[in-house]
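Novice:
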Amino acid sequence: MLECKDITKTFPGVTALSHVSIFFNQAEIHALVGENGAGKSTLIKIIAGKYRPDTGEIYLKGKKVQMTDPRKAIEHGISTVFQEYNLLPHLRVLENIILGNEPIGKRGRIDWKKARAICTQLMDNLQINIDLDRYAGDLGAAEAKMVEILKALVSKAEIIIMDEPTAALPEKEVEALFRLIRNLKASGVTVIYISHRLNEIFSIADRVSVLKDGKMVGTFSVNSINQDELIRLMIGREISSTFSYRQNFQENPVILSLRNIEDQRHLKGISFDLHQGEILAIGGMTGNGQREIIRFLFGSHSISKGEVFYEGKKVSIRSPRDALQLGIGFIPDDRRNEGLAVTQSVRKNIALPSIHLRQTIGFIHHREEKEIVEKMVSTLSILVPMVSTPVQNLSGGNQQRVVIAKWLPLKPKVLLFHEPTLGVDVGAKMGIYQLMRQFADEGVAILIVTSDMIELLRIPDRILVFFEGKITGEFFRQNATEEKIMFAASGQKGA
Amino acid sequence: MNKIYSFWYQILHPDRHSSAFIWFILLGLVIIVVAIVPEFIQINNVSNVLIQMVPLGLVSLGQGLVILGGGIDLSVGSQISLITLIAANTMTDSPVIIILSLFLCLGAGVVFGTLNGLLVHKMNIPPLIVTLCTSFIFQGLAYTLHKTTGGYIPSSFQMSLTISWGLFSIPFLLFLSFIGIEFYLLYRTRFGRYIYALGGNEEVLANAGVSVGKIKVTTYVIAGLMAAITGLYLAARVKSGGALYGVPFTLNSVTAVVVGGTPLSGGVGGLGGTIAGVAIVSMLNNVLNLISFRFNLQSSFYKEILTGLVLVIAMIFYRKRS
Numbered sequence: 001m002l003e004c005k006d007i008t009k010t011f012p013g014v015t016a017l018s019h020v021s022i023f024f025n026q027a028e029i030h031a032l033v034g035e036n037g038a039g040k041s042t043l044i045k046i047i048a049g050k051y052r053p054d055t056g057e058i059y060l061k062g063k064k065v066q067m068t069d070p071r072k073a074i075e076h077g078i079s080t081v082f083q084e085y086n087l088l089p090h091l092r093v094l095e096n097i098i099l100g101n102e103p104i105g106k107r108g109r110i111d112w113k114k115a116r117a118i119c120t121q122l123m124d125n126l127q128i129n130i131d132l133d134r135y136a137g138d139l140g141a142a143e144a145k146m147v148e149i150l151k152a153l154v155s156k157a158e159i160i161i162m163d164e165p166t167a168a169l170p171e172k173e174v175e176a177l178f179r180l181i182r183n184l185k186a187s188g189v190t191v192i193y194i195s196h197r198l199n200e201i202f203s204i205a206d207r208v209s210v211l212k213d214g215k216m217v218g219t220f221s222v223n224s225i226n227q228d229e230l231i232r233l234m235i236g237r238e239i240s241s242t243f244s245y246r247q248n249f250q251e252n253p254v255i256l257s258l259r260n261i262e263d264q265r266h267l268k269g270i271s272f273d274l275h276q277g278e279i280l281a282i283g284g285m286t287g288n289g290q291r292e293i294i295r296f297l298f299g300s301h302s303i304s305k306g307e308v309f310y311e312g313k314k315v316s317i318r319s320p321r322d323a324l325q326l327g328i329g330f331i332p333d334d335r336r337n338e339g340l341a342v343t344q345s346v347r348k349n350i351a352l353p354s355i356h357l358r359q360t361i362g363f364i365h366h367r368e369e370k371e372i373v374e375k376m377v378s379t380l381s382i383l384v385p386m387v388s389t390p391v392q393n394l395s396g397g398n399q400q401r402v403v404i405a406k407w408l409p410l411k412p413k414v415l416l417f418h419e420p421t422l423g424v425d426v427g428a429k430m431g432i433y434q435l436m437r438q439f440a441d442e443g444v445a446i447l448i449v450t451s452d453m454i455e456l457l458r459i460p461d462r463i464l465v466f467f468e469g470k471i472t473g474e475f476f477r478q479n480a481t482e483e484k485i486m487f488a489a490s491g492q493k494g495a
Numbered sequence: 001m002n003k004i005y006s007f008w009y010q011i012l013h014p015d016r017h018s019s020a021f022i023w024f025i026l027l028g029l030v031i032i033v034v035a036i037v038p039e040f041i042q043i044n045n046v047s048n049v050l051i052q053m054v055p056l057g058l059v060s061l062g063q064g065l066v067i068l069g070g071g072i073d074l075s076v077g078s079q080i081s082l083i084t085l086i087a088a089n090t091m092t093d094s095p096v097i098i099i100l101s102l103f104l105c106l107g108a109g110v111v112f113g114t115l116n117g118l119l120v121h122k123m124n125i126p127p128l129i130v131t132l133c134t135s136f137i138f139q140g141l142a143y144t145l146h147k148t149t150g151g152y153i154p155s156s157f158q159m160s161l162t163i164s165w166g167l168f169s170i171p172f173l174l175f176l177s178f179i180g181i182e183f184y185l186l187y188r189t190r191f192g193r194y195i196y197a198l199g200g201n202e203e204v205l206a207n208a209g210v211s212v213g214k215i216k217v218t219t220y221v222i223a224g225l226m227a228a229i230t231g232l233y234l235a236a237r238v239k240s241g242g243a244l245y246g247v248p249f250t251l252n253s254v255t256a257v258v259v260g261g262t263p264l265s266g267g268v269g270g271l272g273g274t275i276a277g278v279a280i281v282s283m284l285n286n287v288l289n290l291i292s293f294r295f296n297l298q299s300s301f302y303k304e305i306l307t308g309l310v311l312v313i314a315m316i317f318y319r320k321r322s
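Chains A and B, in that order, give the protein sequences. If you're matching positions, the first sequence starts at 1 in our numbering and goes up one per residue. If you're matching positions, the second sequence starts at 1 in our numbering and goes up one per residue.
#1: So which residues on chain A does A20 (chain B) lean against when the C-beta distance must stay under 9 Å?
#2: Check whether chain B comes within 8 Å of L456 (chain A), counting only Cβ atoms and requiring the distance to be less than that.
#3: What are the residues of the stretch 72–86 of chain A that lie near chain B, defined by any Cβ-Cβ distance shorter than 8 Å?
#4: Measuring straight from C-alpha to C-alpha, what distance separates A176 (chain A) and G287 (chain A)?
#5: Could you say if the stretch 128–139 of chain A and the stretch 79–94 of chain A meet the contact criterion of at least three C-beta pairs nearer than 8 Å?
#6: Nearest to L102 (chain B) by CA position, among B:L115, B:G113, B:L85, B:P55, is which residue?
#7: Compute the Euclidean distance between the alpha carbons of F476 (chain A) and I194 (chain A), then round it to the nearest angstrom.
#8: According to the Cβ coordinates, are S19 (chain B) and A197 (chain B) closer than 8 Å?
#9: Within 10 angstroms of its Cβ, does E95 (chain A) collect 16 or more other Cβ (buried), or is it exposed?
#10: Less than 8 Å between CB atoms is the rule here; does R319 (chain B) satisfy it with respect to chain A?
#11: Does the distance between the C-beta of L352 (chain A) and the nearest non-hydrogen atom of the ligand FMN fall short of 7 Å?
#12: What do you reckon, are the CB atoms on Q139 (chain B) and S47 (chain B) nearer than 8 Å?
#13: Counting contacts by CB-CB distance shorter than 8 Å, is N201 (chain B) in contact with chain A?
#14: Would you kindly check if the distance between the Cβ of Y85 (chain A) and the Cβ of A167 (chain A) is under 8 Å?
#15: Can you give me the Cβ contacts of Q290 (chain A) inside the same chain, cut-off strictly under 7 Å, excluding the 5 residues immediately before and after it?
#16: Near V247 (chain B), what residues of its chain come up, given a Cβ to Cβ distance below 6 Å and the 5 sequence neighbours on each side ignored?
#17: Answer with yes or no whether the minimum CB distance from W8 (chain B) to chain A is below 8 Å.
#18: List in chain order: all unbroken alpha helix (DSSP H) runs of 4+ residues lying wholly within the stretch 95–155 of chain A.
#19: When you check each C-beta in the stretch 251–275 of chain B against every C-beta of chain A, which residues fall closer than 7 Å?
#20: Are the CB atoms of S177 (chain B) and S135 (chain B) nearer to each other than 8 Å?
#21: Name the two residues that bound the continuous beta strand (DSSP E) containing D213 (chain A).
#22: Please work out which residues of its chain come closer than 6 Å, Cβ to Cβ, to T80 (chain A), disregarding the five sequence neighbours upstream and downstream, and give them in chain order.
#23: Could you run through the stretch 181–192 of chain B and flag, in chain order, every residue whose CB is less than 7 Å away from some CB of chain A?
#24: Would DSSP call Q359 (chain A) helix, strand or coil?
#25: Can you list the residues of chain A that V212 (chain B) reaches, using a CB-CB cut of under 9 Å?
#26: Below 8 Å on C-beta distance, what does P70 (chain A) contact in chain B?
#27: Please classify P263 (chain B): does DSSP put it in a helix, a strand, or coil?
#28: Go ahead and pull the three-state DSSP assignment for M162 (chain A).
#29: Buried or exposed for I163 (chain B), going by 16 or more other Cβ atoms inside 10 Å?
#30: For N349 (chain A), count the other beta carbons within 10 Å of its own beta carbon; 16 or more makes it buried, fewer makes it exposed. Which is it?
#31: On the premise that G242 (chain B) lies in contact with T149 (chain B), defined as a C-beta separation below 8 Å, what is that separation, rounded to the nearest angstrom?
#32: Report all residues from its chain with a CB closer than 7 Å to the CB of L267 (chain A); omit the five preceding and five following residues, and keep chain order.
#33: Let's see if you can read the secondary structure: which residues bound the alpha helix (DSSP H) around N45 (chain B)?
#34: For A197 (chain B), return the contacting residues in chain A, with the cut-off set at a CB-CB distance below 8 Å.
#35: On the DSSP letters alone, give me the boundaries of the beta strand (DSSP E) that A281 (chain A) sits inside.
#36: Would you verify that the beta carbon of I110 (chain A) is, or is not, closer than 8 Å to some beta carbon of chain B?
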């Protein structure tokens, strides 16, 4: 169906792809895996016409083609479902699906009746049902992804590239999307599927290709390989699947304690203690109050009832400023919008929260700032050519380290992590986990909110499970199992 | 089912992106005004108000499309001034020359708009800056043609653009027909959809395989064309050209569009709101003239204060809505 031969692509200073060859069959789901920077996104951008390869050829149904720009690729039947939200929230579902392919009736009018018929038929074929008159902005994450897939189909796509389609989806909606992808395959569409969630690949893909450092490691049938082997191929080393943890953390003094925290909607009486040097993780289905509790602790979500004690004293955290003064740092899930000023340099980002410590009547001590930033860069081993490099040029893992580095000069006693490894590749994940443990060993209390089951089971000392704004389960690491957590996350108490 | 694509639905947007609100404000304003100055409702005055709306209305139709597409055109005012002077400097009593001059002016509008559009699109300069720069250029050109006011506009041209019968007049009918054309473009054609998409998220539009540049440049060309038509109408009305004739229209057109519910970021809002916005902004003028005549006040300051207040109130409302 589609074949890429000997593709090489270099950017100034980096070889993103080197002599990569790959072919995709008709009606197959072909997964593409590799660490961040392995060349996956370069490869799909070449297939989608966003980049042009330096050398190499692309054959479509045996004919050589030139993908000069995205429009050309779409004409050839290759569409991309981007990782980022790619809908217009203020337009209706129908208008979004048909965008760029509006059927034209007489006198240049858009034939909405026909448009509606096209979309209805597509949805019928794929056995999905989304109200065409809703605003796209009101859709859930899974529905939005489906609408984006429908968009691709309307432009007569025979090959659909999906870049981490499940990244923003809660677990229970993933299955609905998978059903759609399987139906696509049944109707003869080829799906190129990129995901960091390796277990997904085994449940949906037919074949999987592994890229590493811009080179093709190989293509395998999913039946002939298992997850551990796949990880080994991706990173070229074994990862120990368990991390050390601490059983005696309860001997440490309690630093933060919450009593009956309630807000108007999401939190219904949350109480727990956080000990010094402990890693505590909060899990459960997304949207059960985890987001609110962690933001409350950083002063950006207000509550209506309840008390907070910090080092034994009653406190109120009304703004991030209050939180920082207490010594609480926050690493948000939406790095690019809440955690970093992405166009600014590493130095400016790291220096920002602690800038008041290094100034005299408003003048910044530049040398001191530079020293501190360089120290942070080396302690956290942030890979960056210069501290003046804009943060947006760094990989996800390094960006996350910059967010962490921001708080360190303030000597925080509590670090809050919301989805600490979202959009971070496998190797870099391990680095973040090691950092967390290192902080905990130094006495910092760590609170994680995560939707990643593996992370929840393997990283913390203690696990809390939220369901509808209440804690429905508490487990120490040594006796936590996926089953027990799932049980608590679905609301059954007394697990 | 398909009713959401019908005329009244699109004009009033009775659901989330309602411009019905601004029509109610307009209605409320009319009621208050009639209560204070009953003269307002007399046919003569209504016809006057409608005619006074026309120049602002024409510019705002163009401005509305640009803003809806996520841009802004701060050069429309100086384009208008320049066009009035081009018209006043080229027209003679000969009908052939008048027609040639008309085409020259419309052509100039297209050229100005294309210049703006290409600078925004090809050079990737923010529209605010591009049109600010070109507004200086157009303004400077206008001064070189004529320091203040002057030139010659033939009476025949003036007459043909100022005829009126009762409530209706040529300029108002002209405005109505342009509303009709723009309605068709915006709500019936692909081009209109793409303007919404452009303002909503340019990347999404590009990813749908649409040539974003064409759409973007076209909105500026339409703005230029509407500025040219406004300039011609103003020149005819005042029977001369003037280097400062267009000045108030730049910010007033932005105000009308924004009061009408199209945010400066684009993507939502539309034609119905803009028309109501135009009516409000130009009515305040007329109303305050009547009030000040009645109560013997100095009105021009109040008008600006009131315009500012209406804008702020509208903004507060739109903020709550989203």
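Note that the Cβ used here is the ideal one computed from N, Cα and C, for glycine as well. Computed from a prediction, not measured in an experiment: that's the story for all the values here.
Specialist: With the structure as the only source:
#1: If you number the second sequence from 1, residue 20 (chain B) lands on position 20. Contacts between A20 (chain B) and chain A, judged by CB atoms closer than 9 Å, are missing: the closest CB pair is about 17 Å apart.
#2: Looking up residue 456 (chain A) in the first sequence gives position 456. Chain B contact via Cβ: absent.
#3: I74, E75, T80, F82, N86
#4: Sequence index remark: in the first sequence, residue 176 (chain A) carries index 176 (1-based). Sequence index remark: in the first sequence, residue 287 (chain A) carries index 287 (1-based). Cα to Cα, the separation comes out at about 18 Å.
#5: Three or more beta-carbon pairs drawn from the stretch 128–139 of chain A and the stretch 79–94 of chain A are found closer than 8 Å, and the two stretches are therefore classed as touching.
#6: Locating residue 102 (chain B) in the second sequence gives position 102, counting from the first residue. Closest by alpha carbon: B:L85.
#7: One-based indexing of the first sequence puts residue 476 (chain A) at position 476. One-based indexing of the first sequence puts residue 194 (chain A) at position 194. Approximately 34 Å between the Cα atoms of the pair.
#8: As a position in the second sequence, residue 19 (chain B) is number 19, starting the count at 1. As a position in the second sequence, residue 197 (chain B) is number 197, starting the count at 1. Taking 8 Å as the cut-off, the beta carbon of S19 (chain B) is found no closer than this to the beta carbon of A197 (chain B).
#9: In the first sequence, the residue the question calls residue 95 (chain A) occupies position 95. By the neighbour-count rule (16 or more Cβ atoms within 10 Å), E95 (chain A) is buried.
#10: One-based indexing of the second sequence puts residue 319 (chain B) at position 319. Under the Cβ criterion of 8 Å, R319 (chain B) is not counted among the residues facing chain A.
#11: Summarising the ligand content, the structure contains no ligands, and the ligand FMN is consequently not present.
#12: Locating residue 139 (chain B) in the second sequence gives position 139, counting from the first residue. Locating residue 47 (chain B) in the second sequence gives position 47, counting from the first residue. Contact flag unset, no.
#13: Mapped onto the second sequence, residue 201 (chain B) falls at position 201. Chain A, which has a Cβ nearer than 8 Å to the Cβ of N201 (chain B), makes this yes.
#14: Within the first sequence, residue 167 (chain A) is the residue found at index 167, counting from 1. Within the first sequence, residue 85 (chain A) is the residue found at index 85, counting from 1. For A167 (chain A) and Y85 (chain A), no; Cβs fall outside 8 Å.
#15: Sequence index remark: in the first sequence, residue 290 (chain A) carries index 290 (1-based). I282, G284, V449, F466.
#16: Taking the first residue of the second sequence as position 1, residue 247 (chain B) is located at position 247. Excluding residues within five positions, the ones whose Cβ falls inside 6 Å are G77.
#17: Here the question's residue 8 (chain B) lines up with position 8 in the second sequence. Chain A contact via Cβ: absent.
#18: 112–125, 141–154
#19: G267, V268
#20: Within the second sequence, the letter at position 177 stands for residue 177 (chain B). Within the second sequence, the letter at position 135 stands for residue 135 (chain B). In this structure, S135 (chain B) does not lie closer than 8 Å to S177 (chain B) by Cβ.
#21: Position 213 of the first sequence, counted from the start, is the residue given in the question as residue 213 (chain A). Here D213 (chain A) belongs to no beta strand (DSSP E), and DSSP marks it neither H nor E.
#22: Locating residue 80 (chain A) in the first sequence gives position 80, where the first residue counts as 1. Closer than 6 Å at Cβ, skipping near neighbours: A48, I161.
#23: Within the stretch 181–192 of chain B, the residues whose Cβ lies closer than 7 Å to some Cβ of chain A are R188, T189, R190, listed in chain order.
#24: The count along the first sequence starts at 1 and reaches residue 359 (chain A) at position 359. Of the three classes helix, strand and coil, the one that applies to Q359 (chain A) here is strand, per DSSP.
#25: Looking up residue 212 (chain B) in the second sequence gives position 212. Chain A residues near V212 (chain B): none, gap ~11 Å exceeds 9 Å.
#26: Position 70 of the first sequence, counting from 1, holds the residue named residue 70 (chain A). Correct list: A206, N207, G209.
#27: Along the second sequence, one-based indexing puts residue 263 (chain B) at 263. Looking at P263 (chain B) - three-state DSSP - the assignment turns out to be coil, as it is neither helix nor strand.
#28: The count along the first sequence starts at 1 and reaches residue 162 (chain A) at position 162. DSSP places M162 (chain A) in strand when its eight states are reduced to three.
#29: The residue you call residue 163 (chain B) lines up with position 163 of the second sequence. By the 10 Å Cβ count, I163 (chain B) comes out exposed.
#30: Here residue 349 (chain A) is taken as the residue at index 349 of the first sequence, counted from 1. By the 10 Å Cβ count, N349 (chain A) comes out buried.
#31: In the second sequence, counting from the first residue as 1, residue 149 (chain B) sits at position 149. In the second sequence, counting from the first residue as 1, residue 242 (chain B) sits at position 242. Indeed they touch by this definition, with Cβ atoms about 4 Å apart.
#32: The residue labelled residue 267 (chain A) in the question sits at position 267 within the first sequence. Taken in chain order, the residues that qualify are I261, G289, E292, I293, I303, G469.
#33: Reading the second sequence from its first residue, position 45 is the one you call residue 45 (chain B). Looking at the DSSP string, the run of the alpha helix (DSSP H) that includes N45 (chain B) is 43–68.
#34: Here residue 197 (chain B) is taken as the residue at index 197 of the second sequence, counted from 1. By Cβ distance, chain A contributes L88, L91, L99.
#35: Along the first sequence, one-based indexing puts residue 281 (chain A) at 281. First-last of the beta strand (DSSP E) with A281 (chain A): 279–283.
#36: For the purposes of this step, residue 110 (chain A) is identified with residue 110 of the first sequence, where counting begins at 1. For I110 (chain A), the answer is yes, since a Cβ of chain B falls inside 8 Å of its Cβ.
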